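Undergrad:
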Amino acid sequence: MNLTMVGTGYVGLVSGTCFAEFGINVTCVDKDTGKIESLNKGQIPIFEPGLEDLVEKQVKAGRLRFTTDIADSIKEADAVFIAVGTPPRESDGHADLKYVHAAAKEIAELAEGYTVVVTKSTVPVGTAREVEKIVAQYKKPDSVIDVCSNPEFLREGAAVNDFMHPDRVVIGTDSMRAVEVLKEVYRPLYLNETPMVITTAETSEIIKYAANAFLATKITFINEIANLCEASGANVQHVAKAIGLDGRIGSKFLHAGPGYGGSCFPKDTLALTQTGKSLSVPQTIVEAVVEANKNRQVQMAERVITACGGSVKGMKIGVLGVAFKPNTDDVRDAPALVVIPTLQQAGAEVFAHDPAAQEAAEKHLKNVNWVKDPYDVSKEADALVIITEWNEYRALDMSQIADQMKVRRLVDMRNIYKPQDMRGLGFHYVSIGRPEVSPKGSAKLKQVS
Ligand code: UDX
C-alpha cells in the first residue's frame with residue numbers, strides 16, 4: 009500500500025513512521041522546508057523516546073520518505089492522512105481549520121483513481137463533512153474520493169508504544185470501501201484483535217473530544233478532591249487508590265498535580281466548549297474544568313509563596329522540571345510557564361533545570377538561570393519546587409540537597425517524595441492533597457500521613 013501523511017507534527021510523524029513499520033510505503037509531507045531537511049538528515053524535530061531509531065530503520069528500509077512537495081505521492085496513494093495543526097483561534101479558542109481545509113483542497117486537486125482522505129488531526133464535529141464538500145468541489149472529474157475520520161489517541165512521551173498498542177482504532181465514514189482500505193492500513197492491529205469502532209464521521213469526531221475532555225475532567229476532579237484533602241488533613245493518594253479500585257472509576261488519570269497542560273487537553277477542552285456553544289448545547293462540566301484548571305496553575309504559584317511565609321521577594325527559588333510532563337520537551341500550557349513568571353513577578357530569582365525542555369521553555373520564560381545539573385538549582389536556595397516528575401528527580405540525594413539549601417523548603421507538585429522522609433531530612437514539605445509537614449520540633453508541625 010502507499011500512503012501520504014500531510015503534516016509532520018507530533019501525530020503525523022509518529023503515525024507515518026509507525027505505518028511504515030506496518031509495511032506500508034509512507035511519504036510524509038510538510039511545507040516547513042527546514043523540518044523536512046532535518047528529517048532527511050535523520051534529525052527528529054521532537055523529543056520522543058524510540059522515534060529516532062524507528063525513523064532511521066524505516067528510511068533505510070525504503071518505506072519512509074520526507075518531502076515538501078505534496079504532488080510527489082498523492083497520485084499513487086491509497087489513502088492520504090491529514091495531520092496538520094488545528095491551533096485554537098485567537099478570537100474564540102475554537103479549533104482553526106484553515107490548514108485542514110487547505111490540505112483537503114490540495115489533495116483533491118492531485119488525487120487520481122480511488123483515494124481515501126483521512127482526517128487524523130483532532131477536528132471538531134462536522135469537519136469531515138466540510139472536507140467532503142471541499143474535495144467534491146476540487147477533485148478531478150474522473151477521480152473518486154471518500155472521506156474518513158480516524159482520530160489519534162497517542163500520548164507524548166509514549167507515542168510509539170501508544171500507536172502500536174492502541175486501546176482502540178476509531179474509523180468514521182459512510183463508505184464501506186473506505187473502511188476496507190483503512191482496515192488494510194491497520195491490518196497488523198486488526199490481526200492483534202485491537203477493537204475497531206466503525207461509525208459515522210460525526211461520531212468519530214466527537215469520540216476524540218469526549219475522550220480527552222473526560223480525562224481532563226478526571227484530573228481536575230482529583231485535583232479538587234486534593235484541595236479538600238489538604239483542608240481536612242486527608243491524603244489524596246489514598247483516596248485516588250481506593251476510588252480507582254472501583255472498576256467503574258478506574259485507577260488511571262487520578263494523579264493530583266499542578267493541573268493538566270500539553271498540546272491536547274487545554275486546546276481540546278476549550279474547542280469542545282466552543283462546539284457546545286455553537287450548537288446551543290453548553291458543555292457546562294467541561295467549561296468548569298477549563299476554568300478550574302486555569303486557576304489551578306495560578307494557585308500553584310501562590311502555594312509556593314505561602315510555603316515561603318507569604319513573600320518570595322529577594323528569595324532564590326530552584327525549579328525542577330518545566331516540561332508539561334516527563335519524557336517530552338514540550339512546554340505548551342505547562343504549569344511551569346505560569347508558576348515561574350508569577351514567582352518572578354513576586355520578586356523571586358528563579359534557577360531552573362529540565363532534562364529536555366529548557367530550549368523550548370526559553371522562548372517563553374525570561375530571566376531564568378538555567379543549570380545543567382539538577383542539584384545546582386538548590387544551592388543556597390530558599391525553596392525548591394518540583395513541577396515535572398522526571399524519573400531523574402525521583403532518586404535525587406535529598407540529604408545533599410537539604411545540606412546545600414539556605415532554607416529547607418520543598419514544594420513537591422507531583423507527590424514524588426514521602427512526607428515523613430522529607431520531614432526526617434528537616435524539610436518544610438508541601439505536596440498535593442497530603443498534609444503539610446515541618447521538621448520535628450517546629451511550630452509548624454502538622455499531622456503526618
Ligand atoms: C493526551 C491524551 O492522553 C492522548 O490520548 C491524546 O491523544 C493527547 O492528549 P498527552 O497530552 O501527550 O496526551 O499527555 P497525558 O499523559 O495524557 O497528560 C496530559 C496532562 O495531564 C499532563 O499535564 C499531565 O501531567 C496531566 N496528568 C495526567 C495529571 O495531572 N494527572 C494524571 O493522572 C494524568
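All letters in the sequence shown, in the order written, are residues 9 to 457 by the numbering used here. Backbone N, C-alpha and C define an ideal beta-carbon position, used for all residues, glycine too. This one's a predicted model, so the numbers in the text were calculated from it and none came from an experiment.
1) Quick check on the contact list: which residues have their beta carbon closer than 5 Å to a heavy atom of the ligand UDX?
2) Anyone know if the C-beta pair for Ser129 and Val19 falls short of 8 Å?
3) Answer with buried or exposed for Ser286, where buried requires no fewer than 16 other C-beta atoms within 10 angstroms of its C-beta.
4) Is the beta carbon of Val22 less than 8 Å from the beta carbon of Ala167?
5) Could you tell me the boundaries of the alpha helix (DSSP H) in which Asp154 lies?
6) What's the gap between the Cα of Leu262 and the Cα of Thr396?
7) Can you find the residues in the same chain that come closer than 7 Å, C-beta to C-beta, to Thr211, ignoring five residues on each side of it along the sequence?
8) Within 10 Å of its beta-carbon, does Leu190 have 16 or more other beta-carbons around it, so buried, or fewer, so exposed?
9) My output table needs one value for Lys452: the three-state DSSP class, helix, strand or coil.
10) Which whole-angstrom value describes the C-beta separation of Leu280 and Tyr198, a residue pair presumed to lie in contact below a C-beta threshold of 8 Å?
11) Return the chain-ordered ranges of every beta strand (DSSP E) run that is complete within the segment 61-97 and spans a minimum of 3 residues.
12) Could you say which of Ile325, Arg71, Glu60 and Lys49 lies nearest to Gly31 if we only look at CA atoms?
13) Let's test the definition: count the other Cβ atoms within 10 Å of the Cβ of Arg311 and tell me whether it reaches 16, buried, or not, exposed.
14) Tell me whether Tyr425 sits in a helix, a strand or coil according to DSSP, three-state version.
15) According to DSSP, is Ser457 helix, strand or coil?
16) Would you kindly work out how many angstroms separate the C-alpha atoms of Phe229 and Ala300, rounded to a whole number?
17) Asp411 by DSSP, collapsed to three states: which one?
TA: According to the data block:
1) Result: Phe161, Arg163, Glu164, Ile227, Phe261, His263, Gly265, Tyr268, Gly269, Gly270, Cys272, Phe332 and Lys333.
2) In contact: Ser129 and Val19 (Cβ atoms closer than 8 Å).
3) Classification of Ser286: exposed, given that the 10 Å Cβ count is below 16.
4) A distance below 8 Å separates the beta carbons of Val22 and Ala167.
5) Taken as a continuous stretch (DSSP letters only), Asp154 belongs to no alpha helix (DSSP H), being part of the beta strand (DSSP E) at Val152 to Ser157.
6) Taking C-alpha positions only, Leu262 is separated from Thr396 by approximately 16 Å.
7) Same-chain partners within the cutoff: Gly180.
8) Classification for Leu190: buried.
9) Summary for Lys452: the model assigns pLDDT 47, below 50, so the residue's position carries little reliability, and this model does not support an answer.
10) With 8 Å as the limit, Leu280 and Tyr198 do not qualify as a contact, their Cβ atoms being about 29 Å apart.
11) With a minimum length of 3 residues, the continuous beta strand (DSSP E) runs that stay inside the segment 61-97 are 72-75 and 87-90.
12) It is Arg71.
13) Result: buried.
14) In the three-state DSSP reduction, Tyr425 falls in the coil class, being neither helix nor strand.
15) Model confidence at Ser457 stands at a pLDDT of 40, short of 50, so the residue's coordinates are unreliable and nothing is read from them.
16) Each residue's Cα considered, the two are about 9 Å apart.
17) Of the three classes helix, strand and coil, the one that applies to Asp411 here is helix, per DSSP.
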